[in-house]
Amino acid sequence: MKKDKEKEQKQEEQNRILLQGNEACVRGALMAGCRFYAGYPITPATEITEVMARELPKVGGVFIQMEDEIASLGAVIGASLAGAKSMTATSGPGFSLMQEHIGYACMAEVPCVVVDVMRAGPSTGLPTQPSQGDVMQARWGTHGDHSIVVLSPSSVYEFFELTIQAFNLSERYRMPTILLADQIVAHMREGIVLPSKEDIEIEDRPQPTVPPEWHIPYGDPGTGVPPMPAFGEGYRYHVTGLHHDLRGYPTTRKEEVESLMRRLFSKISNDLERLQWFDSFYTEDAVITVIAYGCVARAGMQAVKEARAKGLKVGLLKLKVLWPFMRRTVTTILDSSQKVLVPEMNVGHISREVKRVNQGNCEILTLNKIDGTPITPAEILETLEEVYP
Amino acid sequence: MRETSHLVHKYLRPTMRFPHIWCPGCGIGIFMHALIRIIDRIGYSKDDVVLVSGIGCSGRLPVYVDFNTLHTTHGRALTFATGIKLAKPRLKVITIMGDGDGVSIGGNHLIHAARRNVEIASFIINNQVYGMTGGQCSPTTPYGARTTSSPYGNPEAAFDVSRLVEAAGATFVGRTTVYHTTLLDRLIEKALTKNGFAMVEVIAQCVTYAGRWLGLASPAEMMAWQRDNSVTVEKAKELNETELAGKTIIGVLADRERPTYNEECTKLRTQELKV
Numbered sequence: 001m002k003k004d005k006e007k008e009q010k011q012e013e014q015n016r017i018l019l020q021g022n023e024a025c026v027r028g029a030l031m032a033g034c035r036f037y038a039g040y041p042i043t044p045a046t047e048i049t050e051v052m053a054r055e056l057p058k059v060g061g062v063f064i065q066m067e068d069e070i071a072s073l074g075a076v077i078g079a080s081l082a083g084a085k086s087m088t089a090t091s092g093p094g095f096s097l098m099q100e101h102i103g104y105a106c107m108a109e110v111p112c113v114v115v116d117v118m119r120a121g122p123s124t125g126l127p128t129q130p131s132q133g134d135v136m137q138a139r140w141g142t143h144g145d146h147s148i149v150v151l152s153p154s155s156v157y158e159f160f161e162l163t164i165q166a167f168n169l170s171e172r173y174r175m176p177t178i179l180l181a182d183q184i185v186a187h188m189r190e191g192i193v194l195p196s197k198e199d200i201e202i203e204d205r206p207q208p209t210v211p212p213e214w215h216i217p218y219g220d221p222g223t224g225v226p227p228m229p230a231f232g233e234g235y236r237y238h239v240t241g242l243h244h245d246l247r248g249y250p251t252t253r254k255e256e257v258e259s260l261m262r263r264l265f266s267k268i269s270n271d272l273e274r275l276q277w278f279d280s281f282y283t284e285d286a287v288i289t290v291i292a293y294g295c296v297a298r299a300g301m302q303a304v305k306e307a308r309a310k311g312l313k314v315g316l317l318k319l320k321v322l323w324p325f326m327r328r329t330v331t332t333i334l335d336s337s338q339k340v341l342v343p344e345m346n347v348g349h350i351s352r353e354v355k356r357v358n359q360g361n362c363e364i365l366t367l368n369k370i371d372g373t374p375i376t377p378a379e380i381l382e383t384l385e386e387v388y389p
Numbered sequence: 001m002r003e004t005s006h007l008v009h010k011y012l013r014p015t016m017r018f019p020h021i022w023c024p025g026c027g028i029g030i031f032m033h034a035l036i037r038i039i040d041r042i043g044y045s046k047d048d049v050v051l052v053s054g055i056g057c058s059g060r061l062p063v064y065v066d067f068n069t070l071h072t073t074h075g076r077a078l079t080f081a082t083g084i085k086l087a088k089p090r091l092k093v094i095t096i097m098g099d100g101d102g103v104s105i106g107g108n109h110l111i112h113a114a115r116r117n118v119e120i121a122s123f124i125i126n127n128q129v130y131g132m133t134g135g136q137c138s139p140t141t142p143y144g145a146r147t148t149s150s151p152y153g154n155p156e157a158a159f160d161v162s163r164l165v166e167a168a169g170a171t172f173v174g175r176t177t178v179y180h181t182t183l184l185d186r187l188i189e190k191a192l193t194k195n196g197f198a199m200v201e202v203i204a205q206c207v208t209y210a211g212r213w214l215g216l217a218s219p220a221e222m223m224a225w226q227r228d229n230s231v232t233v234e235k236a237k238e239l240n241e242t243e244l245a246g247k248t249i250i251g252v253l254a255d256r257e258r259p260t261y262n263e264e265c266t267k268l269r270t271q272e273l274k275v
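Sequence order for the protein chains is F and W. Mapping of the first sequence onto the numbering used here: position 352 corresponds to residue 352, and the numbering continues sequentially without gaps. Mapping of the second sequence onto the numbering used here: position 80 corresponds to residue 80, and the numbering continues sequentially without gaps.
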């Protein structure tokens, strides 16, 4: 037994590799089955484009550098309609340009993954310093009412893992999934052990089980997610960004518009329990809990460890899903802690949500930094000590 | 008539709610008929044809026909088409765009698609006006023309769409009007069968808006105008600049060979990759 364990550990050490966050993202995408990538260079996301250009042809995939970010996401959606798992990556200014097609993918229900490696904005901003300023844009950047899934990694391994999950969710719900990384997580290097493909669960978009003449392209099979045949497989149907009826044809009839909108929202709102992804540390007896995500969660972890060493009962809730906001998970913390501290590298995007779901029992404190430098463990620790009851 | 009836039953969607949205006398219907006619003549399977459009009057074309159809965002049809063709090379990918759609908001995509040479047959239906939004001037509206957004006359010069796309590197470029139906058929067939990026500029009448500023009140008058103001490529060679002023040169403007993007991808797959 002991020998087996040693062998296993040895094997694990051999599998350990040093990867940059952006490289890990590509590894995750390829493992998830991504076979089409369209992108446009922009720091700090460029490495994803570069590594994709190198690796995709080796696995029979297609890489293309498009003329801009609008075109990149357009090509990604086209490839996805033709049946390929597809992705693009960008940073703030490019993410702004992609909003048009994020909305299209929501409306036409086309699975795709969009990585936004956040840098400090607005506009061209600070190339290239970290930020978390795109959290609200990821939620509401494209026009019109819509639901969206946004994931946020805080380590190189999580960037790998959440890229796979982003593909799974986009396939499961037939909608764009946004991976909101930041410059620190994207550019830092960590030694990680990648799982083998057999240990990873891969989801594919639902396929029709009926012949083409019976298939209703935008009908609700009960899950809210209609089966999605690829172009060229005999299921000829119409795809549009206009409001459409069950066949995909444009409509302005209010009953059809309303039922489409309700179904689009139901895909996520009926599945919230499956989207509570977080890590919690020392939260059971915490008087103050830090709620953080992305690179700030790393500083939060360090601050909490140091505070614990000093005898302070503090904990950390690290969010991996930012949208839909994990109301149930956060409410549990709000019920058990006296105070919650939300450090963010923006003026308070997630702290607004925490305040929104707070029932008044918990004091919500914020720590916001918008100067392009990371929030440090010392800054969080200092605040914790200051406000500790 | 019998042929038309065959085409209607085979290619128009029986489940679609007709009538179509185009104004009576619009040139887009003539193009749609020609496109279906040629697709039928070539004999593509309906399952293998993907029709992609942007936004505007022309953007509504795909919904009526029984192919894999995709109505995208304004100006971006070619970007979606690029993704489809690269992900599934066996599909016949066709884009339909308007002049405001394909040349103004989509101008960047147009020149890059021509340069990149993905095998897409693209058609720009040029009616020289933004029809769907109510007759504003487009990048192909003639200088001085009065439109709803140039009430004192268009201060800008018009794009020569075909020359633009030819300069950008398209392997096939043709121009016709919807009046010249034989040429229209011939150019559609050449574009569809071209191994490379092909673009055909189809001059079509917008009776409702463009007709108003041209002072042409009926579709017939506008088509007579197309007839009288067009010169074939062959004939144009014999004419000097003054004689050609204000004329539209129609015919095959470019036809050349270059490796397609798909061929480049295949090349990558078959060779040992070393960075």
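Note that CB positions come from ideal geometry on N, CA and C, so glycine has one too.
For residue i, count neighbouring C-beta atoms within 10 Å of its own C-beta (all shown protein chains included) and say buried if the count is 16 or more, exposed if not.
| i | result |
| --- | --- |
| L18(F) | exposed |
| F18(W) | exposed |
| N15(F) | exposed |
| L30(F) | buried |
| Q359(F) | exposed |
| W214(F) | exposed |
| R27(F) | buried |
| D182(F) | buried |
| A84(F) | buried |
| Y152(W) | exposed |
| H143(F) | exposed |
| S170(F) | buried |
| T289(F) | buried |
| D228(W) | exposed |
| N361(F) | exposed |
| Q165(F) | buried |
Please tell me whether residue i and residue j are closer than 9 Å, where the distance is taken between their beta carbons.
| i | j | result |
| --- | --- | --- |
| G33(F) | I216(F) | no |
| Q99(F) | G372(F) | no |
| E189(W) | I96(W) | no |
| Q338(F) | V287(F) | yes |
| P343(F) | E379(F) | yes |
| P221(F) | Y235(F) | no |
| T177(W) | A158(W) | no |
| T329(F) | L322(F) | no |
| G74(F) | R76(W) | yes |
| T232(W) | G251(W) | yes |
| G224(F) | N168(F) | no |
| C23(W) | C206(W) | yes |
| D335(F) | K313(F) | no |
Since residue i and residue j should fall inside the 8 Å C-beta cutoff, what is the C-beta to C-beta distance between them, to a whole number of angstroms?
| i | j | result |
| --- | --- | --- |
| G83(W) | I77(F) | 7 Å |
| Y209(W) | G135(W) | 3 Å |
| D116(F) | T90(F) | 6 Å |
| G133(F) | M118(F) | 6 Å |
| T79(W) | M52(F) | Not a contact, Cβ separation roughly 17 Å. |
| L7(W) | D40(W) | 6 Å |
| V276(W) | I120(W) | Since the first residue shown for chain W is 1 and the last is 275, residue 276(W) is missing from the structure and cannot be characterised. |
| M107(F) | G241(F) | 5 Å |
| S72(F) | T88(F) | 5 Å |
| R205(F) | M228(F) | 5 Å |
| S122(W) | M32(W) | Not quite, the Cβ-Cβ distance comes to about 15 Å (not below 8 Å), so this is no contact. |
Name the chain B residues whose beta carbon is nearer than 8 Å to that of residue i?
| i | result |
| --- | --- |
| H112(W) | Among the protein chains of the structure shown, namely F and W, there is no chain B. |
Does the contact criterion of 3 or more C-beta pairs under 8 Å hold for the region 167-180 of chain F versus the region 37-51 of chain F?
no
Which full runs of the alpha helix (DSSP H) of 4+ residues lie inside the region 102-166 of chain W, going along the chain?
107-116
Would you check if there are 3 or more beta carbon pairs closer than 8 Å linking the region 50-63 of chain W to the region 142-157 of chain W?
no
Start-end ranges of the beta strand (DSSP E) lying completely within the region 144-169 of chain F, minimum 3 residues
149-151
Complete runs of the alpha helix (DSSP H) confined to the region 293-341 of chain F [at least 4 residues]
295-309, 327-336
So does the region 237-249 of chain F actually touch the region 56-71 of chain W, counting three or more Cβ pairs closer than 8 Å?
yes
Please give the ranges of any beta strand (DSSP E) in the region 199-261 of chain W, keeping only runs that are unbroken, at least 3 residues long and fully inside the region.
230-232, 248-255
Taking the runs of the beta strand (DSSP E) that are 3 residues or longer, which of them lie wholly in the region 229-273 of chain F?
238-240
Where are the beta strand (DSSP E) runs, 3 residues long or more, that stay fully inside the region 160-214 of chain F, in chain order?
176-182, 189-193
Beta strand (DSSP E) runs wholly inside the region 22-48 of chain F, at least 3 long, in chain order
34-39
Could you give the uninterrupted runs of the beta strand (DSSP E) lying entirely in the region 46-91 of chain F, keeping only those of 3 residues or more?
62-65, 85-90
Within 8 Å, do at least three Cβ pairs link the region 145-160 of chain F to the region 280-299 of chain F?
yes
Does the region 25-39 of chain W come within contact of the region 261-269 of chain F, defined as at least 3 CB pairs closer than 8 Å?
no
Taking contact to mean 3 or more Cβ pairs, one atom from each stretch, closer than 8 Å, check whether the region 345-354 of chain F and the region 363-372 of chain F are in contact.
yes
With a threshold of 8 Å, are at least 3 pairs of Cβ atoms found where one atom belongs to the region 68-75 of chain W and the other to the region 215-233 of chain W?
no
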